[in-house]
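Just so you know, the protein sequences line up as chains A and B, in that order.
Just add 11 to the spot in the first sequence (first one is 1) and you have the numbering used here.
Just add 477 to the spot in the second sequence (first one is 1) and you have the numbering used here.
Glycine is no exception: its CB is placed at the ideal position from the N, C-alpha and C atoms.
These numbers come from a predicted model, not from an experiment.
Written out below as structure tokens is the structure these notes cover.
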Amino acid sequence: MSTHSDQQHPIGLYLKIWGLLFVLSTLSYLVDYFHVESYLRWTLIIIFMLMKAGLIVAVFMHMAWERLSLVYAILVPPLCLLVLIVLMATEADYTLALRILYFR
Amino acid sequence: MSAQLSPSQSTPQSPASGWRGLISDWSSDRQAFQVSWGKAMMWIFLLSDTFVFSCFLTGYMTVRMGTPVQWPNPSEVFALHIGGADVPLVLIAIMTFVLITSSGTMAMAVNFAYRRDRLRTASLMFVTAAFGAMFVGMQAFEWTKLIVEEGVRPWGNPMGAAQFGSTFFMITGFHGLHVSGGVIYLLIVALRVLRGRYEHSGNYQIVEIAGLYWHFVDLVWVFIFALFYLW
């Protein structure tokens, strides 16, 4: 059994993360509201997304206080998904090229 | 020495075979993760769900990149007509804030659970479930508006690429299902906490495990919000 199962942290920590998530969400909403376009838009959206995801996993899901064996077991397998995304992106490019050539 | 020992003596407790062996192997006292089995299993389930949602989003990326037809602008599709002006994405923004808030109350519920504050834990979980139900309600409103007023279908829509409809209903539908399931899960655990089921053992970890599920639902929404609605 776990010897450190008590995830006792001050409530203030959660309130701070909560506020931070609010701010990050507002910022990513403002990206759309002010019609930021092109690469700056994609970069900002991805940065805010990853920051929010990181905060939720690390603090709300207590990943920051788990033992490394569990952390790696959870965080490493999704790296396979990056391979899938790259494969599918190249495949989609090919599909698009074919459709523009023959089916439009 | 060893030659003198009979086989049964050298292995006084030979491992059982068949189903008994399987059960004793899997229940034997070996573990890699220094957490309770419940927490480890929830994490493994969430890992599997990560793959499910990632495959959905990757499929969405593939069809969006692969279509030569104009993709509808989500900023306009999900705009609401408020006070004579179209406010872009306002419903999605409110839904996002509702879900984040529910995550915050859930994190606090976990905290109070470890302090064995039964009443605060249960009430915070009820609040979390209420926010979750609110989210699903707004999603139902969003779907109704898209289907009835804008004519979006899984096989097409009047605004452009047909794949918009299929990916939208698949991704948000599956997420909504997770939220609905989470609301039921939270209600069950909250009722059990309130009735004092965990008082005897003093083990309130089930609240943290339910919290993991709930935060994961919020986590998935972060990706859907960014990649589907903002992209």
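Under 8 Å between C-beta atoms of residue i and residue j
| i | j | result |
| --- | --- | --- |
| B/A610 | B/V660 | yes |
| B/N634 | B/P549 | yes |
| B/L576 | B/F612 | yes |
| B/L663 | B/A639 | no |
| A/M62 | A/L35 | yes |
| B/R595 | B/L671 | yes |
| B/M538 | A/M99 | yes |
| B/P631 | B/F608 | no |
| B/L499 | B/L689 | no |
| B/W520 | A/L81 | yes |
| A/L121 | B/S531 | Beyond the ends of chain A as shown, which are 12 and 115, falls residue 121 of chain A; an answer cannot be given. |
| A/L55 | A/V42 | yes |
| B/W691 | B/M583 | yes |
| B/Q511 | A/R110 | no |
| B/S501 | B/A509 | no |
| B/V587 | B/V684 | yes |
Other residues of its chain near residue i: CB distance less than 8 Å, five sequence neighbours each side excluded
| i | result |
| --- | --- |
| A/Y25 | V70 and F71 |
| B/P551 | L566, F705, Y706, L707 and W708 |
| A/L112 | none |
| A/L31 | L66 |
Cβ shell of residue i (< 7 Å), same chain only, five flanking positions each side left out
| i | result |
| --- | --- |
| B/A628 | Rather than Ala, the amino acid found at residue 628 of chain B in this sequence is Gly. Answer for B/G628: N634 and P635, listed in chain order. |
| A/H20 | none |
| B/V540 | Q640 and T644 |
Presumed contact (8 Å Cβ cut-off) between residue i and residue j, rounded CB distance
| i | j | result |
| --- | --- | --- |
| B/F702 | B/I569 | 7 Å |
| B/F651 | B/F533 | 7 Å |
| B/F574 | A/F33 | 7 Å |
| B/G637 | B/V546 | 6 Å |
| B/T649 | B/G536 | Wrong, their Cβ atoms sit about 14 Å apart, outside the cutoff. |
| B/S666 | B/M585 | The residue asked about is misnamed: residue 666 of chain B is Val in this sequence, not Ser. Contact flag wrong, Cβ pair sits at about 15 Å. |
| B/L696 | A/A103 | Their Cβ separation, rounded to whole angstroms, is 25 Å, which puts B/L696 and A/A103 out of contact at 8 Å. |
6 Å Cβ shell around residue i - same chain, five flanking residues per side excluded
| i | result |
| --- | --- |
| B/R597 | F589 |
| A/T106 | none |
| B/F693 | L523 |
| B/L623 | V629 |
| B/Y675 | Y681 |
Listed by chain order, chain A residues near residue i by CB distance under 8 Å
| i | result |
| --- | --- |
| B/F510 | R78, S80, L81 and A84 |
| B/W708 | W53 and I56 |
| B/T644 | Correct list: empty, because the minimum Cβ distance to chain A is about 13 Å. |
| B/A526 | Note on residue identity: the sequence assigns Asp, not Ala, to residue 526 of chain B. None at all; the shortest Cβ gap to chain A is about 11 Å. |
| B/N588 | Q18, Q19, H20, I22 and Y25 |
| B/F641 | The premise fails here: B/F641 is roughly 15 Å from chain A at the closest Cβ pair, so nothing lies under 8 Å. |
Residue i classed as buried or exposed, judged by whether at least 16 other C-beta atoms fall within 10 angstroms
| i | result |
| --- | --- |
| A/T101 | exposed |
| B/Q682 | buried |
| A/K27 | exposed |
| B/G543 | buried |
| B/F641 | buried |
| A/F114 | exposed |
| A/H15 | With a pLDDT of only 45 at A/H15, under the threshold of 50, the placement of this residue in the model should not be trusted; the figure read from the coordinates follows. A/H15 comes out exposed. |
| B/S580 | buried |
| B/Q616 | buried |
| B/W503 | exposed |
| B/T621 | exposed |
| A/Y50 | exposed |
| B/A606 | buried |
| B/F700 | buried |
Closer than 9 Å at the beta carbon, the chain A residues around residue i
| i | result |
| --- | --- |
| B/T598 | Those do not exist, as B/T598 stays about 13 Å from chain A at its closest Cβ, beyond 9 Å. |
| B/S531 | P89, L92, L95 and I96 |
| B/V666 | What B/V666 touches in chain A: nothing, since even the nearest Cβ is about 16 Å away. |
Interface partners of residue i on chain B, CB under 8 Å
| i | result |
| --- | --- |
| A/L107 | M542, G543, T544 and P545 |
| A/Y50 | Within 8 Å Cβ-Cβ: nothing; A/Y50 doesn't reach chain B, min ~13 Å. |
Chain A residues whose Cβ lies nearer than 7 Å to that of residue i
| i | result |
| --- | --- |
| B/M585 | I22 and Y25 |
| B/L689 | M72 |
Where residue i meets chain B, residues with beta-carbon distance less than 7 Å
| i | result |
| --- | --- |
| A/V68 | L696 |
| A/L32 | I577 |
| A/F71 | S580, A584 and H692 |
Partners in chain B for residue i, counting only beta-carbon separations shorter than 9 Å
| i | result |
| --- | --- |
| A/V42 | L707 |
| A/A75 | Chain B residues near A/A75: none, gap ~13 Å exceeds 9 Å. |
Chain C contact residues for residue i, given Cβ-Cβ distances below 9 Å
| i | result |
| --- | --- |
| B/A610 | No chain C is part of this structure, whose protein chains are labelled A and B. |
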